[in-house]
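Each remark here refers to the structure printed beneath this line.
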Amino acid sequence: MSSQPFVQSSPFPTTSGSYRRKSKFTFKHLSQLSHYSTTCPLRVIAHIDLDAFYAQCEMVRLGVPEDQPLAVQQWQGLIAINYPARKFGLNRHITNTEAHKLCPELILQHVATWKEGDEKWAYHEDAAKHIATHKVSLDPYRRESKKIFAIIKDCLPAAPLQRVEKASIDEVFIDLSAQIHSVLLDRYPELQGPPPYDDPTEYLPRPSITALNWDTDALVDLDASETEDDDPDWDDIAMLIGSEIVRSARAKIREELKYTCSGGVARNKMLAKLGSGHKKPNQQTVIRNRAVQHFLGDLKFTKIRNLGGKLGDEVVSMFNTDTIKELLEQPLEQLKRLGDDTGSWLYETIRGEDHSEVNPRTQIKSMLSAKSFRPFVNTFEQAVRWLRIFVADIFSRCVEEGVLENKRRPKTINLHHRQGSQTRSKQSPIPQGKAFTEEMLFDLAKNLLAQVVVDGRAWPCANLSLSVGGFEDGVADNKGIGGFLVRGEEAKAMLTSGRHASDAQTEMKGLQPSEKRRKVESGGIQRFFIPREGSRDDVEQSHDPFRREEDRDYSELGSNSDSPEAIDAAHSDEAGRLTLLKRPSTPENHDVEADIPPDFLPPSAQPQSLSQRINHFQQQSLDTYFCSRCSTHLPLTDQAEHQDWHFAKDLEKDLQAQERSNFDTPTPRHTPGLPQKSQSRGRGRPVGSSSTVKGREKGQQQLAFGKQ
Ligand code: CTP
Ligand code: CA
Ligand code: CA
Numbered sequence: 001m002s003s004q005p006f007v008q009s010s011p012f013p014t015t016s017g018s019y020r021r022k023s024k025f026t027f028k029h030l031s032q033l034s035h036y037s038t039t040c041p042l043r044v045i046a047h048i049d050l051d052a053f054y055a056q057c058e059m060v061r062l063g064v065p066e067d068q069p070l071a072v073q074q075w076q077g078l079i080a081i082n083y084p085a086r087k088f089g090l091n092r093h094i095t096n097t098e099a100h101k102l103c104p105e106l107i108l109q110h111v112a113t114w115k116e117g118d119e120k121w122a123y124h125e126d127a128a129k130h131i132a133t134h135k136v137s138l139d140p141y142r143r144e145s146k147k148i149f150a151i152i153k154d155c156l157p158a159a160p161l162q163r164v165e166k167a168s169i170d171e172v173f174i175d176l177s178a179q180i181h182s183v184l185l186d187r188y189p190e191l192q193g194p195p196p197y198d199d200p201t202e203y204l205p206r207p208s209i210t211a212l213n214w215d216t217d218a219l220v221d222l223d224a225s226e227t228e229d230d231d232p233d234w235d236d237i238a239m240l241i242g243s244e245i246v247r248s249a250r251a252k253i254r255e256e257l258k259y260t261c262s263g264g265v266a267r268n269k270m271l272a273k274l275g276s277g278h279k280k281p282n283q284q285t286v287i288r289n290r291a292v293q294h295f296l297g298d299l300k301f302t303k304i305r306n307l308g309g310k311l312g313d314e315v316v317s318m319f320n321t322d323t324i325k326e327l328l329e330q331p332l333e334q335l336k337r338l339g340d341d342t343g344s345w346l347y348e349t350i351r352g353e354d355h356s357e358v359n360p361r362t363q364i365k366s367m368l369s370a371k372s373f374r375p376f377v378n379t380f381e382q383a384v385r386w387l388r389i390f391v392a393d394i395f396s397r398c399v400e401e402g403v404l405e406n407k408r409r410p411k412t413i414n415l416h417h418r419q420g421s422q423t424r425s426k427q428s429p430i431p432q433g434k435a436f437t438e439e440m441l442f443d444l445a446k447n448l449l450a451q452v453v454v455d456g457r458a459w460p461c462a463n464l465s466l467s468v469g470g471f472e473d474g475v476a477d478n479k480g481i482g483g484f485l486v487r488g489e490e491a492k493a494m495l496t497s498g499r500h501a502s503d504a505q506t507e508m509k510g511l512q513p514s515e516k517r518r519k520v521e522s523g524g525i526q527r528f529f530i531p532r533e534g535s536r537d538d539v540e541q542s543h544d545p546f547r548r549e550e551d552r553d554y555s556e557l558g559s560n561s562d563s564p565e566a567i568d569a570a571h572s573d574e575a576g577r578l579t580l581l582k583r584p585s586t587p588e589n590h591d592v593e594a595d596i597p598p599d600f601l602p603p604s605a606q607p608q609s610l611s612q613r614i615n616h617f618q619q620q621s622l623d624t625y626f627c628s629r630c631s632t633h634l635p636l637t638d639q640a641e642h643q644d645w646h647f648a649k650d651l652e653k654d655l656q657a658q659e660r661s662n663f664d665t666p667t668p669r670h671t672p673g674l675p676q677k678s679q680s681r682g683r684g685r686p687v688g689s690s691s692t693v694k695g696r697e698k699g700q701q702q703l704a705f706g707k708q
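So in UniProt numbering, spot 505 of the sequence shown is number 505, and the numbers just go up one at a time.
Dropping the structure here:
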């Protein structure tokens, strides 16, 4: 690593020969810079990533001294570890107990959780013990993330000179090109004039400067063919200006919110991101164009975005190496064994080329709330309790997005359900004409769950997730138009449910936008990222969204997580995390159920001796029950599921009837899921006509159960 970037090299640096007076860049290149051209050789991209983000959030919130080791706990695992604690060897793969052994003075702060029935998440004492009844909330971190993002934007000039992409909860990409263009013209008037002969292909004059002050930046050493004695050209100066901008943004975040972060400055997103992770914490790394090969040569390609997961594994096994240096020896044709597009993409990537755009879309496109169940969920009641929490979680986030003011609202709702290796998704449109309420979402969610149950084999359920997507800007204050329009909108939403359903799938893909982008950029590589298109009722086995989620989390733990942009980053939450904790590759198989009191475990999860099991089996085959609704004898063990099925069918019809009647009558004002009349709680009772409230009996029971 060189700390002396440029030294005064020659006594006659700019006059010794004509070649020294010309830059290698042209007026056209300069002008491309102002247009954010992705092929401009003067391009400068920055990446800023917060250090140990969740841990810093907790330190600031709790007022903990900066040298105090602290880790953020989620159930029995650690999800963020501050730098003082990392010195003790703590990492994300160990349990809280192991962490305490390694670092006795460690502060362990559990993430905030939603408790069923509560209106808001909170920091609960002993939260770790409530994995069976609580759900993690990342709201506190999302809020801090928003503040940080606002500061960064504040430090930059207004659009069109500003282009920022929120890449995950704790990182952004900034395309500094246009801003740097304007600074260059300001500082170096020689660049202002029209090109000689009005010919944009004319070379720029060489910079008059011979030494650059890189201040405190970590500067990557130059490629072997380069020397610091070469005077800087405009790309070096552009990088320097970029580095100044990043330094001042980081200082502002530090000053106003106390957070430290790391930065990377380079010619594209891929390099900038590698740069920000190169030296942590609280540093920034500049990778000049003349240093790219040197920088990449020492790296493992699995550290590169999109090469951390399955694709990376495939490359490693195909070429028997994980280093860039060795992969560089492979000719393009060899790399194309991975597919034409993938091969070409990889060929470029390991040579430090990346022409992807900084995508300034910052609006949230979808929100997801998920939970992995250990023990599994075995009944409709339990599942609905979780839906209640998901809905509360999503609704509160929607409120922050301005749904109540009708600024933005989602168009679709999706439920993913996993049973064994099978994942099912159900989607429906969210009626656009009527008020967006928590109860409306809850009704829709229950309806989707009912559809899963109707299909059968819903239990035991290992994972449930609810998401809303297709956020659209609403027209604030359109209330005056009245019921006429409202019905029209609603009718449209219902009549076009087919179209919405496919939108919904796009939105689910929106959950992996970096992958989606890849699809647009280079078709063939998509096979590694994009789920197979499915029907409205997807049964995805090979492309299981939950599994993808885990892969993503798992593969990227070593590097900085590369969460997709423009979605609510909470989706990197329990769905992936819990399963991660249970991966056998962790030194110890963290048993996330360890702290759950035995009475939370369903009978199937209770430890059983062999004789107990045999008894159980014999009983299973002997005991039957009679379903009065369909006049059939069924094994007793299927009773609950069978009744769920009837219940779900009824609920489905009930909701359909309700939707139909919405065309003529206003929505009834009651709390769905709660009784309108008192109901018997008898489980096997045949449910009455589909449009009666009896159809909600089980849901009611569930909620009561949830409050216990
Ligand atoms: N995170 C997560 N699951 C992952 C990766 C990250 O929940 N698989 C959370 C972490 O808790 C973290 C935040 O997302 O605080 C940002 O992740 P990342 O930038 O990868 O790590 P940091 O903890 O910020 O640490 P670093 O200083 O290395 O960036
Ligand atoms: Ca980080
Ligand atoms: Ca990050």
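Just so it is clear, CB atoms sit at the ideal spot from N, CA and C, and this is done for glycine as well.
query: Between the CA atoms of Lys135 and Leu441 - distance to the nearest angstrom; result: 18 Å
query: As assigned by DSSP and simplified to three states, the class of Phe149; result: helix
query: Collapsed DSSP secondary structure at Thr349 in the structure displayed; result: helix
query: Distance between Leu138 and Cys57 (C-alpha atoms, nearest Å); result: 11 Å
query: Residue 715 beta carbon near ligand 1 (any heavy atom closer than 8 Å); result: Look at the range of the chain in this structure, 1 to 708, and you will see that residue 715 is not part of it.
query: Presumed contact (8 Å Cβ cut-off) between Leu78 and Ile107, rounded CB distance; result: With a Cβ gap of about 12 Å, Leu78 and Ile107 do not count as contacting.
query: Spatially closest choice to Ile81 from Val64, Val60, Glu105 and Phe53, by CA coordinates; result: Phe53
query: Ala127 - DSSP class collapsed to helix/strand/coil; result: helix
query: Lys269 - DSSP class collapsed to helix/strand/coil; result: helix
query: Contact test: Glu165 Cβ vs ligand 2 heavy atom, cutoff 8 Å; result: no
query: Sequence-distant residues of the same chain with beta carbon closer than 6 Å to residue 710, five excluded per side; result: In this structure the chain extends from 1 to 708, so residue 710 is not present and cannot be described.
query: Rounded C-alpha distance that separates Met318 from Thr349; result: 17 Å
query: Host alpha helix (DSSP H) of Ile394 (start-end); result: Phe380 to Glu400
query: Gln280 Cβ short of 8 Å to ligand 1 heavy atom set; result: The sequence given here has Lys at residue 280, not Gln. Checking the Cβ of Lys280 against ligand 1 gives yes.
query: Contacting residues, own chain, Cβ-Cβ under 8 Å from Glu353 (five flanking each side not counted); result: Asn268
query: Which listed residue (Val468, Gln109 and Leu449) has its alpha carbon closest to that of His646; result: Leu449
query: Chain-order list of residues whose beta-carbon lies under 6 Å from that of Ser396 (same chain, five-residue window excluded); result: none
query: Backbone CA spacing between Val315 and Ile94 [nearest angstrom]; result: 29 Å
query: Pairwise C-alpha distance: Val72 and Thr97; result: 13 Å
query: Whole-Å CB distance - Leu466 paired with Ala435, under 8 Å assumed; result: Going by Cβ atoms, the distance from Leu466 to Ala435 rounds to 20 Å, so no, they are not a contact pair.
query: Contacts around Asn359, its chain only, beta-carbon distance under 6 Å, and the 5 residues preceding and following it disregarded; result: Glu165
query: Pro195 versus Asp322: straight-line alpha-carbon distance, rounded; result: 46 Å
query: Where Val399 falls, given that 16 or more other Cβ within 10 Å makes a residue buried; result: exposed
query: Any non-hydrogen atom of ligand 2 closer than 8 Å to Glu171 Cβ; result: yes
query: Whole-Å CB distance - His47 paired with Lys273, under 8 Å assumed; result: 5 Å
query: Helix, strand or coil at Pro140 according to DSSP, with G and I counted as helix; result: helix
query: Distance between Ile287 and Trp214 (C-alpha atoms, nearest Å); result: 12 Å
query: Residue burial classification, Gly89 (beta-carbon count within 10 angstroms, cutoff 16); result: exposed
query: Whole-angstrom distance between Ile241 and Val183, CA atom to CA atom; result: 8 Å
query: Counted within 10 angstroms of its Cβ, other Cβ atoms place His278 as buried (16 or more) or exposed; result: buried
query: Ser366 versus Asn414 - alpha carbon distance; result: 10 Å
query: Ile413 CB to nearest heavy atom of ligand 1 below 8 Å; result: no
query: Nearest to Ala224 (by Cα), restricted to the options Asn306, Gln293 and Ala657; result: Gln293
query: Ile152 CB to nearest heavy atom of ligand 1 below 8 Å; result: no
query: Beta-carbon proximity check, His181 vs Leu30, cutoff 9 Å; result: yes
query: Own chain partners of Arg457 with C-beta closer than 7 Å, once the 5 adjacent residues on each side are dropped; result: Gln419
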